[in-house]
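Chemist: Basically the working numbering = 1-based index in the sequence shown + 1. No residue lacks a Cβ here, since even glycine has one placed at the ideal position from N, Cα and C.
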Amino acid sequence: MPETVVVAMSGGVDSSVTAALLLEKGYNVIGVTLQIWPKDAPEGAEGGCCSLSAVEDARRVAFTLGIPHYVMNFRDYFEEEVINYFGQEYLAGQTPNPCIRCNRVIKFEGLLQKSLALGADKVATGHYARIEYDAERQRYRLGQAKDAKKDQSYVLFNMTQEQLSRTMFPLGGFTKPEIREMARAYNLAVASKPDSQEICFIPDNDYRRFLQERYPENSFAPGPFVDTSGNVIGTHQGLPFYTVGQRKGLGQAFGYPAYVVGLDVARNAVIIGRDEDVFSRRLLAGDLNWIEVNRLTAPMEVQAKIRYSALKAKAIIRPVGEGDQVIVEFEEKQRAITPGQAVVFYQGDWIVGGGTILENLDLSLPSIKPLKKGQK
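#1: Mind pulling the alpha helix (DSSP H) runs of 4 or more residues that sit fully within the stretch 160-214?
#2: Out of G287, M301, T244 and R283, which one is the CA nearest neighbour of I273?
#3: What first and last residue would you give for the alpha helix (DSSP H) that runs through T298?
#4: Helix, strand or coil: how does DSSP classify C3 here?
#5: Assuming contact is defined by CB atoms lying nearer than 8 Å, are L379 and V271 in contact in what I supplied?
#6: At what residues does the alpha helix (DSSP H) containing R138 begin and finish?
#7: Ordered along the chain, which non-local residues of its own chain (more than five positions away) have a Cβ less than 6 Å from that of K147?
#8: Near E4, what residues of its chain come up, given a Cβ to Cβ distance below 6 Å and the 5 sequence neighbours on each side ignored?
#9: Which two residues bound the contiguous alpha helix (DSSP H) that contains V14?
#10: Going by DSSP, what residue range makes up the beta strand (DSSP E) through F79?
#11: Determine the DSSP secondary structure at F346, reduced to helix, strand or coil.
#12: Return the CA-CA distance between T96 and R60, expressed in angstroms with no decimal places.
#13: For the 8 Å Cβ check, are there 3 or more pairs between the stretch 60-76 and the stretch 8-17?
#14: N269 to I84, Cα distance in whole Å?
#15: Taking contact to mean 3 or more Cβ pairs, one atom from each stretch, closer than 8 Å, check whether the stretch 294-306 and the stretch 339-346 are in contact.
#16: Among L35, T229 and G287, whose alpha-carbon lies nearest the alpha-carbon of K370?
#17: Which first and last residues belong to the beta strand (DSSP E) in which Y309 is found?
#18: Should V8 go down as buried or exposed, given a rule of 16 or more other Cβ atoms within 10 Å for buried?
#19: Using a 10 Å radius around the Cβ and a threshold of 16 neighbouring Cβ atoms, would you call G355 buried or exposed?
#20: Taking just the CA atoms, how far does A184 sit from Q178?
#21: Considering only residues of the same chain and omitting the five flanking positions on each side of D213, which have a CB-CB separation below 8 Å?
#22: Considering only residues of the same chain and omitting the five flanking positions on each side of D278, which have a CB-CB separation below 8 Å?
#23: Could you say if the stretch 132-144 and the stretch 106-121 meet the contact criterion of at least three C-beta pairs nearer than 8 Å?
#24: In whole angstroms, give me the CA-to-CA distance for E293 and C103.
#25: Have a look at L326 and A286 and give me their C-alpha separation to the nearest angstrom.
#26: Once DSSP output is grouped into helix, strand and coil, what is the label at L119?
#27: Less than 8 Å between the C-beta atoms of R167 and L92, yes or no?
#28: Would a C-beta distance cut-off of 8 Å place L24 and I68 closer than the cut-off?
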């Protein structure tokens, strides 16, 4: 009997071709679209995998391929585990990555477990990444895709050995142009559908408006802009409006090209500096997941990324305490180390592991100097 694979179909070209490729290889394919869009989303809303139109696109593709298609209601779970997480992290002075959270708890925990309970053997998605099994070490490996521009291994670093053993990424060996050509060859209506770029549950990509509407009681208390010497140089609108490395949208001029260097949550202050102040070398990471090893027991040379769009950079990672945290020291300074974002460790094309950035260890929060007489 062929294996049964549940394909997470978002209505886009990548997941659609994923279903077509697996069907062509002889798998018993079932298409599933996750109902995660907000309850107040307008009818016919356009957008990414949260849009109401996504399910219709997925149904059309499933009909073309002749496979069954179902909608699974993950709305409340997504609300609790992704949207609430996103908001609470911002309110705590962090800059979260909701896609990493969604992959971790929705797709490769929630969807996988529900699919296995229904009798499926595996799940598949349209992510650009590779999974291989190392028989010698008896471990599954997660690696970069052939298409470096589309590689999504960074947002998948939280996958466990069990999840990797039950997951397929059929697109890992192809480029995006090749996938679009396949979609046209399969006569799929979504062959030319553009990729979604925004946060899926914030279609206009205005996360500040989203936070203000969702948490009006927080009212985003204003506080001081402070330079790296501790001088108060202005008033900010509230910590969630700012992130490390930001230059535009600061709301006032400082007389020089100014950047957000850090957020001082305890004192509700935004630290402002020049471009060179945004670069640093060391960070502390926690909430770790390891793929190439069971755990880190000694310093290791890796290449690390501190955000999805960053280039890999040489670093040494060292375990801290019981190994539930690591210090990452880069060979060269990195721009805008941002608490809340993920740091992911590679050796060559393969992910060693990763975690959440807890602290920029090179950032010294200045002592805030008292306002001078007459200063507001």
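Modeler: In terms of the structure at hand:
#1: Within the stretch 160-214, the alpha helix (DSSP H) runs of at least 4 residues that lie entirely inside it are, in chain order, 162-166 and 177-186.
#2: T244
#3: No alpha helix (DSSP H) contains T298, which DSSP labels as neither H nor E.
#4: In the sequence on display, residue 3 carries Pro and not Cys. It is coil, neither helix nor strand.
#5: Because the chain here runs from 2 to 377, residue 379 falls outside it and cannot be looked at.
#6: Per DSSP, R138 belongs to no alpha helix (DSSP H) and is neither H nor E.
#7: Excluding sequence neighbours, K147 sits near G174.
#8: Y28 and D122
#9: V14 to E25
#10: Careful: F79 lies outside any beta strand (DSSP E), inside the alpha helix (DSSP H) at R76 to F79.
#11: Note: F346 maps to strand in three-state DSSP.
#12: 35 Å
#13: The stretch 60-76 makes contact with the stretch 8-17, as at least three CB pairs between them are under 8 Å.
#14: 23 Å
#15: yes
#16: T229
#17: Looking at the DSSP string, Y309 is not in any beta strand (DSSP E), and its letter there is neither H nor E.
#18: buried
#19: buried
#20: Per the sequence shown, residue 178 should be read as Pro rather than Gln. Between P178 and A184, the C-alpha separation is close to 10 Å.
#21: Contrary to the premise, residue 213 reads as Gln rather than Asp in this sequence. Around Q213: F221.
#22: T229, Y260 and V262
#23: no
#24: 22 Å
#25: The identity of residue 326 in the sequence shown is Gln, whereas the question assumes Leu. Looking at the two C-alpha atoms, the distance is approximately 6 Å.
#26: coil
#27: no
#28: yes
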